[in-house]
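Respectively, the protein sequence lines represent chains A and B. Heads up, the first sequence is in my numbering, so the first residue is 1 and it goes up one at a time. Heads up, the second sequence is in my numbering, so the first residue is 1 and it goes up one at a time. Ideal placement from N, C-alpha and C gives every residue a C-beta, glycine not left out. Before any comments, here is the structure.
2 protein chains.
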Amino acid sequence: MTSGQEVHTAVGARLRQVEQRYTASRRRLVDVLAGAGRPLTIPEILSDDARLPQSSAYRNLAVLEQAGVVRRVQVHDEFARYELDEDLTEHHHHLVCVGCGRIADYTVPRPLERALEKAIARVTAATGFDAHSHRLDLVGLCASCR
Amino acid sequence: MTSGQEVHTAVGARLRQVEQRYTASRRRLVDVLAGAGRPLTIPEILSDDARLPQSSAYRNLAVLEQAGVVRRVQVHDEFARYELDEDLTEHHHHLVCVGCGRIADYTVPRPLERALEKAIARVTAATGFDAHSHRLDLVGLCASCR
DNA sequence: CTCAGTGCAAAGGATTTGCATGCCG
DNA sequence: CGGCATGCAAATCCTTTGCACTGAG
Numbered sequence: 001m002t003s004g005q006e007v008h009t010a011v012g013a014r015l016r017q018v019e020q021r022y023t024a025s026r027r028r029l030v031d032v033l034a035g036a037g038r039p040l041t042i043p044e045i046l047s048d049d050a051r052l053p054q055s056s057a058y059r060n061l062a063v064l065e066q067a068g069v070v071r072r073v074q075v076h077d078e079f080a081r082y083e084l085d086e087d088l089t090e091h092h093h094h095l096v097c098v099g100c101g102r103i104a105d106y107t108v109p110r111p112l113e114r115a116l117e118k119a120i121a122r123v124t125a126a127t128g129f130d131a132h133s134h135r136l137d138l139v140g141l142c143a144s145c146r
Numbered sequence: 001m002t003s004g005q006e007v008h009t010a011v012g013a014r015l016r017q018v019e020q021r022y023t024a025s026r027r028r029l030v031d032v033l034a035g036a037g038r039p040l041t042i043p044e045i046l047s048d049d050a051r052l053p054q055s056s057a058y059r060n061l062a063v064l065e066q067a068g069v070v071r072r073v074q075v076h077d078e079f080a081r082y083e084l085d086e087d088l089t090e091h092h093h094h095l096v097c098v099g100c101g102r103i104a105d106y107t108v109p110r111p112l113e114r115a116l117e118k119a120i121a122r123v124t125a126a127t128g129f130d131a132h133s134h135r136l137d138l139v140g141l142c143a144s145c146r
């Protein structure tokens, strides 16, 4: 896990690469997401920092996504969710609770992760599909919804 | 892979379990999805069979989903997609092309699938999250978009 | 006859955009 | 100063719903 300061430095660099500024509200969005440790919906983000107007949140999250700073996570939920890019945090997957709709991060054992990557390489060779990344979600019930 | 006739029989049974009829338009939806071999968006489904009005398609897909006949697949796409439930087809995963937005089905080698299940069992034990199913998507570029 | 299913048109709701204003560079 | 970022409000667009009609049992 990188410190908050490092994250901001890295985010600033990425934004500059796509000729975007690292403004105060964008910084706030990054702060909220960095502090969550799980993908957040827009309503969650807005309630976390009341100074963020809805439309600016949507607009800035789109900019941040384009800059490779945040990632949009789509689930069966009605709301889209956002999280920091894995380069800024760590490679992980999601536990999707069908009871309460919450999403938690988790990481799989290193050996399995390696097996996944090997298998993905085989898929590329066999199908001609060039995989940039993979998503492994577990769908079920979290401890409090069981 | 089950034949078209078997699929209809199984679908009819599931609908009866939730006290729903297997009507002509529901049958058409199942036919379209069975013939696709990949998750389809509503526009794709509608253009495949012009006799399906939009609102009925949405409504019947919701019924079929509730009956466990179809599954809603959410991707970065703007449209939701639907596919037949895995019990009616076969356990598989998705190749998501970021170029054209298309989604293809694929299956991973049996040994990896077993490794996944073992790892999932460990996650359940360690975190208290009770996983009913898993999703493994590969995100990248398909052969024609490379 | 009764009631679920259908289809049209209108409503809903998350997300996007137009436009006037403020602020960074 | 010039142009991007902002914030409000209005528009978009996928999806859902109200309502009158049809058809199966």
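Residue i - DSSP class collapsed to helix/strand/coil
i              : result
A131 (chain A) : strand
L88 (chain B)  : helix
L52 (chain A)  : coil
Cβ of residue i within 9 Å of any chain A Cβ
i              : result
L61 (chain B)  : no
R28 (chain B)  : no
R16 (chain B)  : no
Q74 (chain B)  : yes
D85 (chain B)  : no
I120 (chain B) : yes
F79 (chain B)  : no
V69 (chain B)  : no
D137 (chain B) : yes
L51 (chain B)  : This sequence places Arg at residue 51 (chain B); Leu is not what is there. Judged by the 9 Å Cβ criterion, R51 (chain B) is not in contact with chain A.
P39 (chain B)  : no
First through last residue of the beta strand (DSSP E) which encompasses residue i
i              : result
D95 (chain B)  : Residue identity check: residue 95 (chain B) is Leu in the sequence provided, not Asp. Element bounds for L95 (chain B): H93 to C97.
A67 (chain B)  : First-last for A67 (chain B): undefined, no H or E at that position.
D105 (chain B) : I103 to Y106
Environment of residue i [buried if 16+ CB atoms lie within 10 Å]
i              : result
A121 (chain A) : exposed
V117 (chain B) : Here residue 117 (chain B) is Glu; the residue named in the question, Val, does not match the sequence. The residue is exposed, with fewer than 16 neighbouring Cβ atoms inside 10 Å.
E19 (chain B)  : exposed
H94 (chain B)  : buried
E83 (chain A)  : buried
A143 (chain B) : exposed
C97 (chain B)  : buried
H147 (chain A) : With chain A running from 1 to 146 in the structure shown, residue 147 (chain A) is simply not present.
Span of the alpha helix (DSSP H) around residue i
i             : result
V75 (chain B) : Note, V75 (chain B): premise wrong, no alpha helix (DSSP H); not H, not E.
D31 (chain B) : A24 to A36
D48 (chain A) : I42 to D48
A10 (chain A) : G4 to Q17
Closer than 9 Å to chain B by CB, residue i
i              : result
Y106 (chain A) : yes
C97 (chain A)  : yes
A115 (chain A) : yes
H132 (chain A) : yes
A36 (chain A)  : no
L88 (chain A)  : no
C100 (chain A) : no
A143 (chain A) : yes
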